[in-house]
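Report on the following structure.
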Amino acid sequence: MAGHDDMSIIMQAVGQQLQEGTPYYELLLKMIEEIGKDIRPTYTFNKSTNEKLKKHIHCAKMLIKACQTEAENDKKKADAAAEAARIQAALRKTDGPEGDEEAKKSA
Numbered sequence: 001m002a003g004h005d006d007m008s009i010i011m012q013a014v015g016q017q018l019q020e021g022t023p024y025y026e027l028l029l030k031m032i033e034e035i036g037k038d039i040r041p042t043y044t045f046n047k048s049t050n051e052k053l054k055k056h057i058h059c060a061k062m063l064i065k066a067c068q069t070e071a072e073n074d075k076k077k078a079d080a081a082a083e084a085a086r087i088q089a090a091l092r093k094t095d096g097p098e099g100d101e102e103a104k105k106s107a
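Numbering-wise, full-length UniProt numbering puts 20 at position 20 of the sequence shown, and it's gapless, one number per residue.
Written out as structure tokens, the structure reads:
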């Protein structure tokens, strides 16, 4: 994930007051909007715009890596939850007939 210093750079580059818990994907979308604003002025060889564009592209690279990491972590959590549900369903399936037999005996 992006570190605290990286996040402050990204927040400055996006140019908006964003909350600390803002998802990386949302930040990336805002960064892409900022990059879009800088593309056309670079055709005029405006040096300051070129530098700003380079900084925004660097920030976007960091955000892409953070988004990938976040997506991988979410996938691992979802896989673990699905596996736990599968195991629980299998346990219920094996416990089901025994539970029915015990209920018949007690009746």
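The beta carbon of each residue, even a glycine, is placed where N, CA and C say it ideally should be.
- P23 lies in the alpha helix (DSSP H); which residues open and close that run? Taking the sequence shown and counting its residues from 1, one reaches residue 23 at position 23. Neither: P23 is in no alpha helix (DSSP H) and is coded neither H nor E.
- Query: What do you reckon, are the CB atoms on I57 and L28 nearer than 8 Å?
  - Reply: Locating residue 57 in the sequence shown gives position 57, counting from the first residue. Locating residue 28 in the sequence shown gives position 28, counting from the first residue. It is not a contact, given that the beta carbons lie outside the stated cut-off.
- Message: Rounded to whole angstroms, what is the Cα-Cα separation between R94 and Q88?
- Response: For the purposes of this step, residue 94 is taken as the residue at position 94 of the sequence shown. For the purposes of this step, residue 88 is taken as the residue at position 88 of the sequence shown. For the sequence presented, residue 94 should be read as Thr rather than Arg. The straight-line gap from Cα to Cα measures roughly 10 Å.
- Drop a sphere of 10 angstroms on the beta-carbon of A80, count the other beta-carbons inside from all chains shown, and report buried for 16 or more, exposed for fewer. What you label residue 80 is simply residue 80 of the sequence shown in a count that begins at 1. Exposed.
- Message: To the nearest angstrom, how far is the alpha carbon of L91 from that of N73?
- Response: To locate residue 91, count along the sequence shown from 1; it is residue 91. To locate residue 73, count along the sequence shown from 1; it is residue 73. Cα to Cα, the separation comes out at about 27 Å.
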